[in-house]
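Everything on this sheet refers to the single structure shown next.
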Amino acid sequence: MQQTEKRENRRIEIADHAIRCFAEHGYAETSLRDIAEAAEINLGQLHYYFESKTDLILYTIRRYKTRFIGRLVEAMEQEGTTKNRVTSVIDLLIAAATRDAKIHRLWYDLRAQALFNPGLRAATSEIERDLENATSTLLHLQQPEASRGTIHQTFLLLDAHFFNALQMTLSGEDPEGKRFRRTIRRLLVAAIPATTK
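Read left to right, the sequence shown gives residues 1 to 197 (full-length UniProt numbering).
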């Protein structure tokens, strides 16, 4: 295995430990020392792989969100009816808002931090664009002519409902995401009429 590949694999291992720490305690309350302890390395080794806490969180959240968006796009592009594809997307969103709630809570934490930290702003904006592009793919399943404004509005609605679902999950009010499922289905049926067929 080449040195660069070994280094990247080690970065991935550290990122896996980091995301669990960040998800549990939040960005501000998690130190590099916490992550080093979780990864069973010292701070010097951690700094060899990541220059700073910002560098580490950006790598970590980009990696996680890229995989999440990839799964959404795969669900949209699978064979079958529009209704079945949208149902698969809804199932992924429900799992994200319930089973993986703490990890996705971190995303909203970072968006808030980005208001104060320019180092985070470009990355969070980039991920938001990717999420909006995924929304575009979803709408274009049935509405190829959907305008940029419609796509943006739908993305904002999905994002707001997803954030609310995280809050409901973490507070114990709706741990299985039943309310979110009903809400998101109504939203997507309105946006993509073919989901009723």
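Glycine included, every Cβ here is placed at the ideal spot set by N, Cα and C.
None of these values were measured; they are calculated from a predicted model.
Pull up the distance between the alpha-carbon of residue i and that of residue j, whole angstroms please.
i      : j      : result
ALA160 : GLN153 : 11 Å
ALA97  : ALA23  : 13 Å
ASP100 : ARG111 : 18 Å
GLU5   : LEU72  : 27 Å
ASP16  : ILE103 : 11 Å
LEU106 : MET168 : 15 Å
ALA134 : GLY172 : 29 Å
THR30  : PRO175 : 25 Å
ILE151 : VAL189 : 14 Å
ASN9   : GLN2   : 11 Å
ARG182 : ILE90  : 10 Å
GLU77  : ILE12  : 28 Å
GLU132 : ALA38  : 34 Å
PHE68  : THR81  : 22 Å
Which residue from the options puts its Cα closest to that of residue i?
i      : options                           : result
THR124 : ARG10, ASN84, ASP55 and HIS17     : ASP55
GLY119 : GLU51, ALA38 and LEU46            : GLU51
LYS53  : GLN113, THR135 and SER88          : GLN113
LEU58  : GLY44, ILE192, ASP109 and ALA165  : ASP109
TYR49  : LYS65, THR87, TYR64 and LEU32     : LEU32
PHE155 : PRO144, LEU139 and LEU166         : LEU139
ALA146 : ARG186, ALA191, ASP130 and ALA122 : ALA191
ARG62  : ASP130, ASN164 and PRO144         : ASP130
THR87  : ASP34, ILE127, LEU141 and CYS21   : LEU141
ARG7   : ILE35, LEU187 and HIS47           : HIS47
For a cutoff of 8 Å on Cβ pairs, would you count residue i as touching chain D?
i      : result
GLN143 : Any reference to chain D falls outside this structure, which holds one protein chain only.
Excluding the five sequence neighbours on either side, which residues of its own chain have a C-beta within less than 7 Å of the C-beta of residue i, listed in chain order?
i     : result
LEU93 : PHE162 and ILE184
**Asked** Can you give, in chain order, each stretch of the alpha helix (DSSP H) that sits fully within the segment 83 to 151 and has at least 4 residues?
**Response** As far as the segment 83 to 151 is concerned, its whole alpha helix (DSSP H) runs of at least 4 residues are 101 to 114 and 118 to 139.
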